[in-house]
Structures are given as structure tokens and as C-alpha cells.
Amino acid sequence: MRRPGARRTSLGVRAGRAEPPTGPGARPAAPNPDRGPGAGPTALVVFAGRVTDLRSLAVGDDATIRNWRFVHNLIIPGDPLSLDDVRDRVGRNRMEVAYLGETLVGCTTVRPPTADNGATATVIARVLPEFRRRGLGTRLYERALAQARELGAQTIETVVLASNPDGLRFAERHGFVETDRYLLREGDTAPWIDLRLT
1 MRRPGARRTS LGVRAGRAEP PTGPGARPAA PNPDRGPGAG PTALVVFAGR
51 VTDLRSLAVG DDATIRNWRF VHNLIIPGDP LSLDDVRDRV GRNRMEVAYL
101 GETLVGCTTV RPPTADNGAT ATVIARVLPE FRRRGLGTRL YERALAQARE
151 LGAQTIETVV LASNPDGLRF AERHGFVETD RYLLREGDTA PWIDLRLT
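The opening residue of the sequence shown carries number 1 in full-length UniProt numbering; numbering runs sequentially from there.
And the structure:
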């Protein structure tokens, strides 16, 4: 489902910043936020924990808001969010940050179904690049999918930025099919891809 206000536009670029994770459960050593999200590896400590050590926390306090924002802005650098943007989303969506042991590894968002959207929920699971291909994304996705179903969703969608091929492959492997491509705003270069679970 296309985001409110989205429209097809011409191409361009918008830069953003990622900030290091903070608070309980966050490992130090993130990129220098003054260098921007594309300035090199995240340098998060790689934790060799089992997938069973994965835990999720609801986003609400300052630390979890910053950590959710960090993951989002690192994976979606062309659509960076401010702390206030994230706080606003927390009021509308079910959002969590995920940790493997004490190390931040990802985040999820469930945009709940409404009468206006035909009981459609949007489920988004994001895993930091250095923690992919370990089953973490599947665990986060399954948890978010269950939350969407609990909220009464009859249709499940997701949205992936075209510049995130790992995310697109993940969605397709989990049964999503593309329904739309669009640029969110004037100047964007990478289209958003809406997908629906079949």
C-alpha cells in the first residue's frame, strides 16, 4: 500500500544520518554519525549468540526510539527519520527493536489494519547487514506477522526500498509479490516497492 502523500516523481538523492545505538541492550561502536550512514561498516560488535537468544523490546523510551531510528536510517538512508518522526510513528504503529544477547540486530514495524485500508496491515522487519542470513529476519518477520494477525489483519503487505536487494529477496522468499513501485517524493532515486503476501 503506497504511503500517504507518495507520488511518482523524477529522480534525485536525499542524504541522512544514522546514530549509534544506545540504552540497555545496545552494544557500543557504531559509525561516526557525522560521517553519515554510507561512510563505512557499522562496526557493531558481532555476537555469536544463538537465534534463541533473540529478544524484542517495544519502542517507547528514548533508548529504544534511538535504536529503532538507527536501524531504520542505516538500512533506509534515503528516507532518514528524526527522533520526533519516530515518536510520531510509535503513536500509530507497533514497533520493536531486536537484540541478540545484548547486541542490537534489527527492528520491526507493524502498521495496523484499519477500516479505511480494507483490514490491511503492513509488516516490516529489518536486520542490520552483519546479522543477516542467520534466521533472525525470519524470526522478526514471524513475530510481526503474528502481531498483525492479532490486530485483525486480513491482508498483509510490506514495503521495501529498491536499493535494498536483500530485503526484496527476503520478502519474495516469504511469499510476497510485488504490487506497486513508486517514488515517495521529488528528488528520490530509488523507488519503494509494495508487496502483498499471497
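All C-beta atoms, glycine included, are put in the ideal place defined by N, C-alpha and C.
Alpha carbon to alpha carbon, how far is residue i from residue j?
i: Phe47; j: Thr103; result: In this predicted model, Phe47 has a pLDDT of only 42, less than 50, meaning its place in the structure is not dependable; the value taken from the coordinates is given anyway. Looking at the two C-alpha atoms, the distance is approximately 7 Å.
i: Leu197; j: Leu161; result: 17 Å
i: Arg173; j: Ile156; result: 15 Å
i: Val123; j: Gly101; result: 24 Å
i: Asp116; j: Ala148; result: 16 Å
i: Leu151; j: Gly137; result: 21 Å
i: Asp62; j: Ser56; result: 16 Å
i: Leu183; j: Ala146; result: 29 Å
i: Thr189; j: Arg66; result: 26 Å
i: Asp85; j: Asp79; result: 11 Å
i: Arg89; j: Trp192; result: 18 Å
i: Gly135; j: Gly91; result: 29 Å
i: Arg111; j: Arg169; result: 21 Å
Leaving out the 5 sequence neighbours to the left and right, which residues in its chain are closer than 8 Å to residue i when beta-carbon positions are compared?
i: Leu128; result: Thr42, Leu44, Val71, Leu74, Ile75, Leu104, Val105 and Gly106
Residue i and residue j look like a contact to me (Cβ under 8 Å); what is the Cβ gap, rounded to whole Å?
i: Pro113; j: Ala153; result: 4 Å
i: Leu140; j: Ala125; result: 4 Å
i: Thr108; j: Arg132; result: The pair is not a contact, with the Cβ atoms about 15 Å apart (cut-off 8 Å).
i: Arg69; j: Leu83; result: 6 Å
Start and end of the beta strand (DSSP E) containing residue i?
i: Phe176; result: Phe176 to Tyr182
i: Glu157; result: Thr155 to Leu161
i: residue 239; result: Since the first and last residues shown for the chain are 1 and 198, residue 239 lies out of range.
i: Ile193; result: Trp192 to Leu197
i: Val185; result: Note that residue 185 is Arg in the sequence shown, not Val. First-last for Arg185: undefined, no H or E at that position.
i: Glu130; result: Segment: none, Glu130 is in no beta strand (DSSP E) and carries neither H nor E.
i: Ala58; result: Leu54 to Ala58
Considering just the uninterrupted stretch of the alpha helix (DSSP H) at residue i, what are its terminal residues?
i: Ile124; result: Run containing Ile124: none in the alpha helix (DSSP H); it sits in the beta strand (DSSP E), Thr120 to Val127.
i: Ala148; result: Leu136 to Glu150
i: Leu74; result: Asp62 to Ile75
i: Ala171; result: Pro165 to Arg173
i: Leu83; result: Leu83 to Arg92
Tell me which same chain residues have a C-beta within less than 7 Å of the C-beta of residue i, skipping the five on either side of it?
i: Thr158; result: Thr122, Val123, Ile124, Ala171, Phe176 and Leu195
i: Gly49; result: Note on Gly49: pLDDT 49, under 50, position unreliable in the model; no value is reported.
i: Arg35; result: Because the pLDDT of Arg35 is 31, which lies under 50, any placement of that residue in the model is unreliable, and the number read from its coordinates should be weighed accordingly. Hits under 7 Å: none found.
i: Asp166; result: Arg132
i: Leu81; result: Arg69, His72 and Asn73
Flag residue i as yes when its Cβ comes closer than 6 Å to any non-hydrogen atom of the ligand FMN, and as no otherwise.
i: Thr109; result: For the structure depicted, the ligand FMN is absent and the ligand set is empty, with no information on it obtainable.
Does the segment 169-179 come close enough to the segment 90-101 to have 3 or more Cβ pairs within less than 8 Å? no
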